[in-house]
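For the sequence shown, this note's numbering assigns the number 48 to the initial residue and increments by one for each residue that follows.
These notes concern the structure reproduced below.
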Amino acid sequence: MQYDPIKRVLGNAFNKTPFLRRVFYNMLDLLLLRAWHVHKELREWAANRRGEEQHILDAGAGFGQYTYYLSGMSSKWNILAVDVKEEQVSDCNRFMRAIGRYNVLFKIADLVKFRQPESYDLILSVDVMEHILEDVEVFQNFHASLRPGGMLLISTPSDQGGSDVHGDDETSFIEEHVRDGYNIKEIEDKLKLAGFSKVQARYSYGKPGQISWRLSMKYPLLMLNASKAFFVLLPFYYLVTFPFSLVLNWRDVNGSHPSGTGLIVKAWK
Numbered sequence: 048m049q050y051d052p053i054k055r056v057l058g059n060a061f062n063k064t065p066f067l068r069r070v071f072y073n074m075l076d077l078l079l080l081r082a083w084h085v086h087k088e089l090r091e092w093a094a095n096r097r098g099e100e101q102h103i104l105d106a107g108a109g110f111g112q113y114t115y116y117l118s119g120m121s122s123k124w125n126i127l128a129v130d131v132k133e134e135q136v137s138d139c140n141r142f143m144r145a146i147g148r149y150n151v152l153f154k155i156a157d158l159v160k161f162r163q164p165e166s167y168d169l170i171l172s173v174d175v176m177e178h179i180l181e182d183v184e185v186f187q188n189f190h191a192s193l194r195p196g197g198m199l200l201i202s203t204p205s206d207q208g209g210s211d212v213h214g215d216d217e218t219s220f221i222e223e224h225v226r227d228g229y230n231i232k233e234i235e236d237k238l239k240l241a242g243f244s245k246v247q248a249r250y251s252y253g254k255p256g257q258i259s260w261r262l263s264m265k266y267p268l269l270m271l272n273a274s275k276a277f278f279v280l281l282p283f284y285y286l287v288t289f290p291f292s293l294v295l296n297w298r299d300v301n302g303s304h305p306s307g308t309g310l311i312v313k314a315w316k
């Protein structure tokens with residue numbers, strides 16, 4: 048399934064006013080389990096840093112929801128958000144200026160080439176690495192761009208059914224993915240090869256999360272991909288499924304999983 052056309056339709060629908068974009072971000076935060084996991088890690092990282100100046104890179108910012116979340120945590124943080132899609136960069140800059148968040152800038156950049164030596168205290172990369180073939184080069188750029196002691200936070204599919212692939216004869220649910228998912232040891236080894244001194248990886252999207260993902264994301268996306276008319280029915284679908292997804296998301300974030308279709312990876316310079 049091609050995800051980009053659906054993302055484009057969603058972006059156009061919620062870009063009309065800053066209020067609608069805030070609503071869109073709040074919806075993503077509630078529905079996307081990866082947002083629950085990433086927010087948990089960001090709150091932990093931010094615990095003793097809200098009053099300090101920090102420099103943050105959102106590497107592959109997409110709709111900009113994580114930059115929005117971070118910029119609301121402290122006005123002292125300076126955030127650069129980069130993406131390869133010009134329309135998303137332009138939309139996000141207009142939105143941030145409209146709501147008065149001047150500590151944020153969105154720019155067009157290719158992560159395979161983007162490197163700013165010792166510039167950032169935190170680099171965030173959410174559901175990006177599965178789209179980039181030259182992952183080791185990107186990890187090396189991340190390492191070079193971090194300040195000593197800085198942290199890289201990655202969310203990406205695992206090889207335990209990530210991208211909804213469960214066998215050699217299956218293809219990724221999202222056509223834009225260049226890999227179906229990472230093995231934990233593989234991504235740890237690649238990050239250490241890139242120069243990171245310490246790496247921690249854990250599974251997300253355990254059994255509760257996998258059910259939630261199907262209810263809140265997979266089935267709606269399949270229906271939207273079949274017909275845009277499903278936008279009209281979407282509120283009624285979520286009225287029924289949303290309470291179940293919330294409970295499942297909470298269980299996934301607050302539990303530990305021996306296996307899962309997602310990975311949360313932290314690496315320090």
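Glycine is no exception: its CB is placed at the ideal position from the N, C-alpha and C atoms.
Given the structure is predicted, the values throughout are model-derived calculations rather than measurements.
**OP:** Report yes if the CB atom of residue 131 is closer than 8 Å to the CB atom of residue 155, and no otherwise.
**Re:** yes
**OP:** Quick one: using the 10 Å Cβ neighbour count with 16 as the cut-off for buried, is residue 123 buried or exposed?
**Re:** exposed
Original post:
Going by the CB atoms, is the gap between residue 250 and residue 302 shorter than 8 Å?
Top reply: no
Subject >> DSSP three-state assignment for residue 264, whether helix, strand or coil >> reply: helix
**OP:** Provide the residue(s) that pair with residue 204 in DSSP beta bridges, ordered along the chain.
**Re:** 309
Subject >> residue 90 burial status per 10 Å Cβ neighbour count (16 or more: buried) >> reply: exposed
Subject >> Beta-bridge pairing of residue 249 - partner residues as DSSP gives them >> reply: 311
**OP:** In angstroms with no decimal places, state the Cα-to-Cα distance between residue 298 and residue 69.
**Re:** 26 Å
Original post:
Taking contact to mean at least 3 C-beta pairs separated by less than 8 Å, is the stretch 160-169 in contact with the stretch 192-202?
Top reply: yes
Original post:
Does the Cβ of residue 262 have 16 or more other Cβ atoms within 10 Å, making it buried, or fewer, making it exposed?
Top reply: buried
Original post:
Who pairs with residue 124 in a beta bridge, going by DSSP?
Top reply: 101
Subject >> Helix, strand or coil at residue 195 according to DSSP, with G and I counted as helix >> reply: strand
Original post:
Among the residues of its own chain, which have a CB less than 7 Å from the CB of residue 72, if the five just before and after it don't count?
Top reply: 112, 115
**OP:** Could you tell me which residues DSSP pairs with residue 169 in its beta bridges?
**Re:** 103, 198
**OP:** Would you list the residues sitting across from residue 229 in a DSSP beta bridge?
**Re:** 205
**OP:** Report the rounded CA-to-CA distance for residue 125 versus residue 100, giving the unit in angstroms.
**Re:** 7 Å
**OP:** Return the CA-CA distance between residue 173 and residue 316, expressed in angstroms with no decimal places.
**Re:** 19 Å
Original post:
So the alpha helix (DSSP H) residue 87 belongs to, where does it begin and stop?
Top reply: 80-93
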